[in-house]
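Quick notes on the structure that follows.
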């Protein structure tokens, strides 16, 4: 055996040893997700999840609190976040419910002011709040277009700005900003009336890359990730399917928990890893 082969064999042995230690709980011998170990570094740290009252936002809140994070759930329907807080009592982390409309700058600024005064810092931002209106460009309502861009684009941008400012002020250089995007942010779907929504989500795709470049220029180690799901079984999609006839069996759906798992996955990657984009589709989705 040559020296080069021996060196390669030793490296391979150490890699397999590391993989075994990462995947198995030594006390039980059971297979354990790697993220269970790597999420430990986020325990006790502060996360803000927007649109936290139901669907994807509520699922993300559950996962983060179960992983020991102190989570601020921001939503208009704050009573639903409060119910979720009661449900999560006894979990390793804690959930604070805040009322706010993410399409209003004053509500976003008030939320970050509360976080600064009461929790002292922010480590993770999950920009989840969004709205979808089926709206034709030739006859749609201006109020619907404005609401989509105010929430999906401007609200996300204000939250991102305020999170970065607070991270910088408090010396958090390993924070993470996660945008819950959509496959509609990468292509225009075939269904009528989705162009304005798709345009707002295309903006999120561009803003993700723009933020990444700014962070690189600033020498920051804060990470940014876009997570782009296909159709998810939430109140939003139920409202759409109620208005657009879809043949039975043609509309496979993801679950909100699938997106929450993607959030913990990207948070659980090593600090030097930039997971820039994740696209998630249900099995059987045709487009």
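Numbering (mature numbering (1 follows the signal peptide of the UniProt record, and there is no 0)), first residue to last: -24 to -1, 1 to 263.
Virtual Cβ for every residue (Gly too), placed ideally from N, Cα, C.
- Task: Could you tell me the boundaries of the beta strand (DSSP E) in which residue 199 lies?
- Result: Taken as a continuous stretch (DSSP letters only), the beta strand (DSSP E) holding residue 199 covers 199 to 205.
- Any chance the region 28 to 37 sits against the region 48 to 58, with 3 or more Cβ pairs inside 8 Å? Enough Cβ pairs lie closer than 8 Å, so yes.
- Message: I need the straight-line Cα distance from residue 243 to residue 105, nearest angstrom please.
- Response: If you draw a straight line from the Cα of residue 243 to the Cα of residue 105, it is about 19 Å long.
- Message: Checking 8 Å against the spacing of the C-beta atoms, do residue 25 and residue 102 come in under that value?
- Response: Going by C-beta atoms, residue 25 is nearer than 8 Å to residue 102.
- Whole-angstrom distance between residue 140 and residue 182, CA atom to CA atom: So the alpha carbons of these two residues sit roughly 18 Å apart.
- Task: Reducing DSSP to helix, strand and coil, say where residue 114 ends up.
- Result: Residue 114: coil per DSSP, three-state reduction.
- Local Cβ density within 10 Å of residue 118, reported as buried at 16 or more and exposed below that: Exposed.
- Proximity of residue 129 and residue 155 at Cβ, strictly below 8 Å: Contact flag unset, no.
- Message: Here's the rule I'm using: 16 or more other beta-carbon atoms within 10 Å means buried, otherwise exposed. How should residue 262 be labelled?
- Response: Exposed.
- Supposed close pair residue 200, residue 259 - CB separation, criterion 8 Å: The Cβ separation is near 28 Å, so there is no contact.
- Can you give me the Cβ contacts of residue 61 inside the same chain, cut-off strictly under 7 Å, excluding the 5 residues immediately before and after it? The beta carbon of residue 61 lies closer than 7 Å to those of 71, 73 in the same chain, with the five residues before and after it left out.
- Within the region 101 to 163, ranges of the alpha helix (DSSP H) (whole runs, at least 4 residues): Counting only runs of 4+ residues, the alpha helix (DSSP H) found wholly inside the region 101 to 163 occupies 118 to 125, 132 to 145, in chain order.
- Task: Given a cut-off of 8 Å, decide if residue 19 and residue 44 are closer than it, judged by their beta-carbon atoms.
- Result: Using a Cβ distance threshold of 8 Å, residue 44 and residue 19 count as a contacting pair.
- Contact set for residue 250: own chain, Cβ-Cβ below 6 Å, skip 5 residues either direction: Counting only residues of its own chain and dropping the five nearest sequence neighbours on each side, residue 250 has a CB closer than 6 Å to the CB of 199.
- Message: Counting only C-beta atoms, is residue 80 closer than 8 Å to chain D at any point?
- Response: Protein chain content of the structure displayed is limited to a single chain, and chain D is not contained in it.
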